[in-house]
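In our numbering, the protein residues as written are 13 to 132. Beta carbons are placed, not taken as given, at the ideal position from N, Cα and C, and that holds for glycine. Just so it is clear, the structure is predicted and the values come from calculations on it, not from any experiment. As structure tokens, the structure follows; a few thoughts come after it.
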């Protein structure tokens, strides 16, 4: 993917729209069928990072791409990467965007419990 594909995002996408989009993503991830599917995927994956990436990541990506499509991003991997870059950039200047973005990212990269060293 070329760098200009990532940098080329919707012109009218503002910090306020970013906050609304992030809140929409969080609402979708915590409601109804999606929540049930995420819980089932996490349970099935257990503490296996590869299983998390193959079961949970696609669900979160699907929800994210559906939401960001409403804001002018493409509903594919390129759009998701563009959105991610824009959130990182906007989050540097806006603590609320950074906070919401961190919450969304926690669905992609949940905490993994690592046993203490010396214990299997």
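In this structure residue 37 touches residue 75 by the C-beta definition: roughly 6 Å separates them, less than 8 Å. Our two residues, residue 31 and residue 106, have alpha carbons roughly 10 Å apart in a direct line.
Distances from the alpha-carbon of residue 101 to those of 46, 113, 91 put 113 closest.
Excluding sequence positions up to five before and after residue 78, its CB lies within less than 8 Å of the CB of 40, 87, all in the same chain and listed in chain order. For the stretch 27 to 54, the full-length alpha helix (DSSP H) segments reaching 4 residues or more read 27 to 41 along the chain.
Excluding five sequence positions before and after residue 56, the CB atoms of its chain that fall closer than 8 Å to its own CB belong to 63, 67, given in chain order. Counting along the chain, the unbroken alpha helix (DSSP H) around residue 78 starts and ends at 61 to 80.
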